[in-house]
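Working notes, beginning with the structure itself.
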Amino acid sequence: MNFQAIKAIYLSEMARMFRTAVQSIVAPVLSTSLYFVIFGSAIGSRISEIDGITYGAFIVPGLIMLSIMTESISNSSFAIYFPRFIGTIFEVLSAPVSWVEVVLGYVGAAATKSVIIGTIIFITANFFVDIDIAHPFVALLFLVLTSFSFCLFGFILGVWADGWEKLTIIPVLVIMPLTFLGGTFYSISMLPEAWQKISLFNPIVYLISGFRWSFYEHSDVAVGLSIGATVGFLVACLLVVRWIFKTGYRLRT
Amino acid sequence: MPAILSVQNLNKTYAGDFVALRDINLEIERGEIFALLGPNGAGKTTLINIICGIVNPTSGTAYVNGHDIASEFRRTRALVGLVPQELPVDSFTTVEQTAAFSRGLFGKPADPALVEKVLKSLSLWDKRDTKIIALSGGMKRRVLIAKALAHEPELLFLDEPTAGVDVELRQDMWKVVSRLRDDGVTVILTTHYIEEAEEMADRVGVINHGEIILVQDKRRLMRELGKKQLTLSLNAPLDRLPATLGAFALELAPGGSELVYTYDSNENRTGITGLLGALQEAGIHFNDLDTSQSSLEEIFVDLVKRPQ
Ligand SMILES: Nc1ncnc2c1ncn2[C@@H]1O[C@H](COP(=O)(O)OP(=O)(O)O)[C@@H](O)[C@H]1O
Ligand SMILES: [Mg+2]
Chain A
537 MNFQAIKAIY
547 LSEMARMFRT
557 AVQSIVAPVL
567 STSLYFVIFG
577 SAIGSRISEI
587 DGITYGAFIV
597 PGLIMLSIMT
607 ESISNSSFAI
617 YFPRFIGTIF
627 EVLSAPVSWV
637 EVVLGYVGAA
647 ATKSVIIGTI
657 IFITANFFVD
667 IDIAHPFVAL
677 LFLVLTSFSF
687 CLFGFILGVW
697 ADGWEKLTII
707 PVLVIMPLTF
717 LGGTFYSISM
727 LPEAWQKISL
737 FNPIVYLISG
747 FRWSFYEHSD
757 VAVGLSIGAT
767 VGFLVACLLV
777 VRWIFKTGYR
787 LRT
Chain B
28 MPAILSVQNL
38 NKTYAGDFVA
48 LRDINLEIER
58 GEIFALLGPN
68 GAGKTTLINI
78 ICGIVNPTSG
88 TAYVNGHDIA
98 SEFRRTRALV
108 GLVPQELPVD
118 SFTTVEQTAA
128 FSRGLFGKPA
138 DPALVEKVLK
148 SLSLWDKRDT
158 KIIALSGGMK
168 RRVLIAKALA
178 HEPELLFLDE
188 PTAGVDVELR
198 QDMWKVVSRL
208 RDDGVTVILT
218 THYIEEAEEM
228 ADRVGVINHG
238 EIILVQDKRR
248 LMRELGKKQL
258 TLSLNAPLDR
268 LPATLGAFAL
278 ELAPGGSELV
288 YTYDSNENRT
298 GITGLLGALQ
308 EAGIHFNDLD
318 TSQSSLEEIF
328 VDLVKRPQ
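First to last, the protein sequences are chains A and B.
Using the working numbering, count along the first sequence one by one with no gaps and you end on 789.
Using the working numbering, count along the second sequence one by one with no gaps and you end on 335.
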């Protein structure tokens, strides 16, 4: 294992993130805070409680997940797409590193950033609503697992994309709808029976449900299933990244 | 000790069935400066990129210091440095940061003193805190060289290092190359400026249409393939060549005051004695004579134009 390389990639990616701190940290935190103002304070007070949880508090885990998923994908896909686009990827390809170092460096940095954003949003949410976390370590586990797996997914997207449009189209066409339909703003049990069944095919339901359970012990699906689904997604992404580097798909001609 | 680089039966076919390399075999000796000459599209960059791990070979392999570039890529890549033909740089980092990054990426512990030495040798030390976006093209090339040297490679590839580069940088680059040679680093460079290969290289390889058509010691190559020219400065200019001299490979220079005779220095008989006799008979007198050997460039053009 080339630890120096992991450190070099990780630190240069973190430096890049702090260079663009306004865009990469302030912007997502600000936009999520607007949801708290609108739903938590303005509209939320008119919506009835969900299983004894005020609406404003109910949406906090979902909003943190929404933010983490979109930020993870966009940051991580950009982190690998950009060097491919300008050609600096040649150096990584010619370096004594395997997919393991590349993942720990690039994806590790992007995931760190997501965890930081998630934490800031959580702290910000406390200004608007009262939140108690029932299972802090489970919450942290979900935060880290989600950040890492969606950063891996973004990494794959960034390798696959051969143009800027493709880079933005997947988050907009696939991830956003799945997230909004995944129970960010409501409990699946509030849907008609048929839609509840369909929702179980949406992987994001498991993430949000599990994360919300760690806060309020309220979940749409069993928490073990949520953790299993998240770990399964993570492993699937890892295998794809490993395959990419073994074959050189879209990296080596 | 194994050869620093041994390329064996290497083939590359790009998508679309374009054959870029055909059965390349090449041995590079430790510490030598090897110039790979070939016209545009000959396959020079493809060959270098395969050895560095940027392009997948279709078949065959290469060994760096006895290690297979595919199965032992960690060991081979740690030994190899590359200065690419294009100028891909991370615009928003500083010169010093990017050099230190390369060192780490190649698994070497941080060494600010070494990075400083490398930057100084490339006249980049004053610019160490400058963001790369603010540098000129020539400076960016210096940065790429610094990045490659920062991880102390034992085998360095310079892919067309002097294409479009100013005189000052070219001189600095050759200084760096001779210092590397003194340190025992093997350098493989591709160039269009044949005088550079002539000046710097120990051996020359010529590649054309994806095939290596010749690998030879530079001096021997020039001697063996070298045609010589004998130039005679005439006492009185001639209008045209007298018919009696028609049997000789003679040319009358524009102006008519010089006669140029081309001969092969490898032949036992150069024909010079006969020519001088014939000139005497024709009543043509000269006051000076000079010989010159054809350059590597002429040899090269001759080689790649030769029908296969
Ligand atoms: N990625 C690629 N896909 C298809 N053909 C390529 C690719 N890269 C290079 N080639 C072709 O392979 C040949 C050799 O290219 P290259 O190795 O860059 O030559 P050189 O460096 O000697 O100029 C050229 O004809 C080029 O068009
Ligand atoms: Mg080239």
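Glycine residues also receive a C-beta, built at the ideal position from the N, C-alpha and C atoms.
- Annotation for B:S150: R169, D199 place their beta carbon closer than 8 Å to its own, counting only its chain and skipping 5 residues before and after.
- Following the DSSP letters along the chain, one finds A:S630 in no beta strand (DSSP E), marked with neither H nor E.
- In the DSSP annotation of this structure, the continuous segment of the beta strand (DSSP E) that includes B:N235 starts and ends at 230 to 235.
- Here DSSP, grouped into helix, strand and coil, assigns B:K135 to coil.
- Contact between the stretch 555 to 563 of chain A and the stretch 136 to 147 of chain B is absent: fewer than 3 CB-CB pairs across the two stretches fall below 8 Å.
- Counting along the chain, B:K154 sits inside no beta strand (DSSP E), nor does DSSP assign it H or E at all.
- A Cβ-Cβ distance of about 6 Å is found for the pair A:M601 and A:F747, placing them in contact under the 8 Å criterion.
- The DSSP-derived three-state label of A:T624 is coil.
- Counted as a single uninterrupted DSSP element, the beta strand (DSSP E) harbouring B:R49 occupies residues 45 to 55.
- No Cβ-Cβ contact shorter than 7 Å links B:G93 with B:N36.
- B:Q112 sits in coil when the DSSP states are folded into three classes, being neither helix nor strand.
- Beyond the five residues adjoining it in sequence on each side, A:I706 comes within less than 7 Å, by CB distance, of L693 in the same chain, given in chain order.
- Among the residues of the stretch 552 to 567 of chain A, those with a Cβ less than 8 Å away from any Cβ of chain B are R552, R555, in the order of the chain.
- By the rule that beta-carbons nearer than 7 Å mark a contact, A:S608 does not touch chain B.
- Assigned with DSSP and collapsed to three states, A:N738 falls in coil, not helix or strand.
- When B:N38, B:Y90, B:S260, B:A69 are compared, the shortest CA-CA separation from B:E56 is found for B:Y90.
- DSSP, read as helix, strand or coil, puts A:A646 in helix.
- For B:I51 and B:V34, the gap between their C-alpha atoms comes out near 7 Å.
- In this structure, A:Y722 has its beta carbon at no less than 6 Å from each heavy atom of ligand 1.
- Using a Cβ-Cβ cut-off of 7 Å, A:K543 is close to G131 of chain B, given in chain order.
- Interface with chain B (7 Å Cβ-Cβ cutoff): A:P728 is excluded.
- Distances between the C-beta of B:T72 and the heavy atoms of ligand 2 include at least one below 6 Å.
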